[in-house]
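Single-structure report; data block below.
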Amino acid sequence: MSIINDAITAIETWFKGVLAGGIESSLNTVNSMLSGSLNNSNGTGINPLFGQFLGDPTTFTGSTSGSGTPIWNTIETLSNNVIVPIGGFVLMVVVIYELIQMVISGNNFKDLDDSIFIRWILKTFCGILLVSNVFYIATGIFAFGTSAVNDGLSALFGSSAAFIDTNLINSSSFHSTLMAQDIGTLIVTLIISFVIIIVTFVLLAAIIIVLASRIIEVFMYLSISPIPMATFMNKDWGDIGKNWLRNILALAFQGFFIIVALAIFKSLFANALTTMMSGQTGDVVMTMAILLGFIVAFIFTMFRTANISKSSFAAH
65 MSIINDAITA IETWFKGVLA GGIESSLNTV NSMLSGSLNN SNGTGINPLF GQFLGDPTTF
125 TGSTSGSGTP IWNTIETLSN NVIVPIGGFV LMVVVIYELI QMVISGNNFK DLDDSIFIRW
185 ILKTFCGILL VSNVFYIATG IFAFGTSAVN DGLSALFGSS AAFIDTNLIN SSSFHSTLMA
245 QDIGTLIVTL IISFVIIIVT FVLLAAIIIV LASRIIEVFM YLSISPIPMA TFMNKDWGDI
305 GKNWLRNILA LAFQGFFIIV ALAIFKSLFA NALTTMMSGQ TGDVVMTMAI LLGFIVAFIF
365 TMFRTANISK SSFAAH
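For the sequence shown, my numbering gives the first residue as 65, with consecutive numbering after it.
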């Protein structure tokens, strides 16, 4: 009888080991996917796309290698041929409107001050200067955003190429915690770990969608930029240009908010694994469900970064 019990125990232990190994392999797969895609220390996965999608819009090609014709060449040609003449006309209307307002405001021609013409000339000069250099202004703002993203990725991953420390997942303590569970719990945990892999694919796709949508929106704002910038120096119409500039700032720093969300997700993921490994939680299934919830929450947060960035800069 003892031989049969020993055999059953051995089979049960072996089956638990298979299930525990499957769970660990699944988590290692998720870690490898996130590490290879998001870290700042290798040249694979989405990381090159961070440099493309969050970098200088004028050099964006959509290719991870950076080869091909920059899309900005087409946008610039379209903008110069269509929008710049309209922007010049809008600027002319604005400066004439500004001159009329300065002449009749407060005195109704009774007390004409010659200094208003000097102020008008200065405002006109500044307006022309802004319109003629609007692309340099916009790309300079994006340079700050790109720097924030690159510094954020470097600070987040440091010298480590792993999203989560592999020693945490492959530790004997984590394996012992899994082996202490019953077979039913391990089967459910393994199923959840497979779901986590699938949801991680969805997460990476969501990152691509958010980044692609952002860069398309960037090109749209840049293509029309001479028109809103032409109104910048007028107090009545200036809100158009100011709101355009706020949106440019919001787009430039949306990437940083993505990195902040990524940092929060990384810490939550590691803390959940550490808690389960230390035995502070008796429900392994619940911990795995929490990990799944963290990934889903991060996906939704990715799509919220645009609104968060706009609200931070009072853009609408």
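Beta carbons: idealized from backbone N, C-alpha and C, even for Gly.
Would residue i and residue j qualify as a contact pair, given that the criterion is a beta-carbon distance under 8 angstroms?
i, j, result
"M385", "R183", "Since the first residue shown for the chain is 65 and the last is 380, residue 385 is missing from the structure and cannot be characterised."
"C190", "M352", "no"
"F199", "S289", "yes"
"S101", "L268", "yes"
"T249", "V94", "no"
"F362", "F321", "no"
"F364", "A314", "no"
"S99", "F227", "yes"
"G151", "A294", "yes"
Express the C-alpha separation of residue j and residue i in angstroms, rounding to a whole number.
i, j, result
"I180", "K299", "15 angstroms"
"S196", "A212", "27 angstroms"
"L134", "H380", "With the sequence shown as reference, residue 134 is identified as Pro, and Leu is not the correct amino acid for it. C-alpha separation (whole angstroms): 29 angstroms."
"V158", "F367", "37 angstroms"
"D347", "A370", "36 angstroms"
"P121", "L163", "36 angstroms"
"N144", "D215", "34 angstroms"
"T123", "E76", "59 angstroms"
"A276", "L193", "31 angstroms"
"I272", "L217", "17 angstroms"
"I68", "S240", "25 angstroms"
"T253", "S236", "18 angstroms"
"N92", "T230", "7 angstroms"
"S169", "K187", "16 angstroms"
"L142", "E88", "53 angstroms"
"A74", "G81", "10 angstroms"
"F238", "I255", "18 angstroms"
"D303", "Y161", "15 angstroms"
"A325", "I185", "47 angstroms"
"I279", "N335", "33 angstroms"
"W301", "G126", "36 angstroms"
"S375", "I139", "27 angstroms"
"G305", "L242", "59 angstroms"
"Q245", "W136", "57 angstroms"
"I397", "S331", "Limits of the chain in this structure are 65 at one end and 380 at the other, which puts residue 397 out of reach."
Can you tell me the Cβ-Cβ gap for residue i and residue j, rounded? I've got them flagged as a contact below 8 angstroms.
i, j, result
"G209", "G319", "6 angstroms"
"L83", "I247", "7 angstroms"
"T264", "M97", "5 angstroms"
"S373", "F317", "6 angstroms"
"L356", "F333", "Incorrect: roughly 11 angstroms between the Cβ atoms, too far for contact."
"A327", "L220", "5 angstroms"
Using only CA atoms, which one of the options lies nearest to residue i?
i, options, result
"F358", "N311, I260 and I139", "I260"
"F79", "A202, I323, I251 and S96", "I251"
"F258", "G85, T77, T339 and I280", "G85"
"A202", "N311, L355 and A325", "N311"
"I323", "V266, S169, T188 and L118", "L118"
"P292", "V154, W136 and S169", "V154"
"E281", "I255, I147, W308 and A327", "W308"
"S90", "I262, S375 and W301", "I262"
"A270", "G126, V360 and T138", "V360"
"Q116", "M243, F206, Y285 and L242", "F206"
Examine chain D for any beta-carbon lying closer than 8 angstroms to the beta-carbon of residue i, and answer yes or no.
i, result
"V148", "Absent from the structure: chain D. Only one protein chain is present."
Looking at the ligand MN, does it come within less than 7 angstroms of residue i, judged from the CB to the closest heavy atom?
i, result
"N298", "This structure simply doesn't include the ligand MN, nor any ligand for that matter."
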